[in-house]
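Here the structure is laid out as structure tokens; the discussion comes afterwards.
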Amino acid sequence: MELSILLAIQSVANLFLDYLAIGVTMLGEPVAAVLAITVVYWLLDKETGEYMTFSLLLSVNANGLVKNICNFPRPIGQEGVRSLRVETATGASFPSGHTQTAAALFGSIAIRARRAGTAFAAALVVVLVALSRLYLGVHWPKDVLVGAVLGLLCAVLVYLLFSNFNERGRERACLVLAAAFLPLVLLWHDADFVKGYGLLVGYAAAIPLEHRFVRFPPVRRTLRARLRRELFGLLVVAAVKLGLGFLLPDLLPLKAVEYGAVAFAAFYLCPLLFVKLRW
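Residue numbering for the sequence shown follows the numbering used here, starting at 16 and increasing by one per position.
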């Protein structure tokens with residue numbers, strides 16, 4: 016049944032749709048998430064940015080948990096299935112990380128905005144990302160369906176957390192979540208899980224420090240000022256990522272350190288620099 020669905024979707028394949036699917040699937044990848052979160056957190060609304068980030072990090076780590084428990088194979092290599100951009104298809108197949116990321120990220124935006132148009136646009140993005148994963152032949156239908164549900168569930172759970180707890184309560188919840196995932200990360204030694212966990216720990220360490228010692232204001236001035244802050248922040252984060260990637264040995268545990276430092280830079284170091292530079 017699932018193979019028939021994949022083959023039916025791929026029966027309309029052509030070069031234009033290939034490139035379209037590749038472009039759409041990027042909406043569920045780290046670059047899109049980083050851009051969306053930093054624009055909101057650094058420029059528009061800090062609390063919304065924190066909500067989006069917490070939703071995404073819960074989703075990423077939940078995805079790693081379910082992938083390692085189920086360990087279902089991908090359709091790559093199945094007879095008749097054409098698989099493209101397989102370098103993005105890391106780890107097990109179920110559930111789809113791209114679809115789950117899109118659902119958590121854009122779902123959190125829709126929940127926070129509380130507008131029908133935003134909700135429709137978010138749902139459309141999630142559906143398109145899910146279809147792109149099927150068209151590219153890297154996931155089964157059940158993978159994208161469950162991924163969408165789990166991503167949205169994470170966004171709803173974090174929304175309830177933010178609605179019922181103050182800053183200190185949210186900080187503690189993030190630390191508890193990091194502690195809960197630690198033994199699972201140590202158990203499975205999965206690269207994507209380790210990276211996602213590193214991001215969670217870095218965020219959990221950065222947010223309390225920002226709340227207590229920085230409290231940077233969002234930019235509400237000119238477009239030029241916003242672009243300056245965004246570009247500078249991205250350069251700092253990229254420098255941390257590339258610098259540690261070059262300096263640290265290529266060992267799996269150190270990937271947690273690398274990605275943790277990236278999150279720490281985005282949520283504490285960059286805000287601190289914005290304040291010091293009066294940007």
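From the three backbone atoms N, C-alpha and C, an ideal C-beta is built for every residue, glycine too.
{"Asked": "Interface flag, PHE69 vs chain D, CB-CB below 8 Å", "Found": "Checking the listed chains, one finds no chain D in this structure; it contains a single protein chain."}
{"Asked": "Straight-line gap, TYR274 to GLY211 (C-alpha atoms, nearest Å)", "Found": "8 Å"}
{"Asked": "Spatial distance of LEU296 from LEU257 (CA atoms)", "Found": "The requested residue 296 does not occur in the structure, where the chain is confined to residues 16 to 294."}
{"Asked": "CB of VAL209 within 8 Å of CB of VAL200, strictly", "Found": "yes"}
{"Asked": "Spatially closest choice to THR105 from SER123, LYS82, PRO232, by CA coordinates", "Found": "LYS82"}
{"Asked": "7 Å CB neighbourhood of PHE69 in its chain, flanking five on each side removed", "Found": "VAL173, CYS189"}
{"Asked": "Coil, strand or helix - ASP33 by DSSP", "Found": "helix"}
{"Asked": "Cα-Cα separation, THR237 to ASN86", "Found": "49 Å"}
{"Asked": "Anticipated Cβ contact below 8 Å, ARG244 with LEU58, distance rounded", "Found": "6 Å"}
{"Asked": "Terminal residues of the alpha helix (DSSP H) in which GLU94 lies", "Found": "Segment: none, GLU94 is in no alpha helix (DSSP H) and carries neither H nor E."}
{"Asked": "ASP265 - containing alpha helix (DSSP H), residue span", "Found": "ASP265 -> no alpha helix (DSSP H), and no H or E assigned at all."}
{"Asked": "Beta carbon of VAL252 nearer than 8 Å to that of CYS285", "Found": "yes"}
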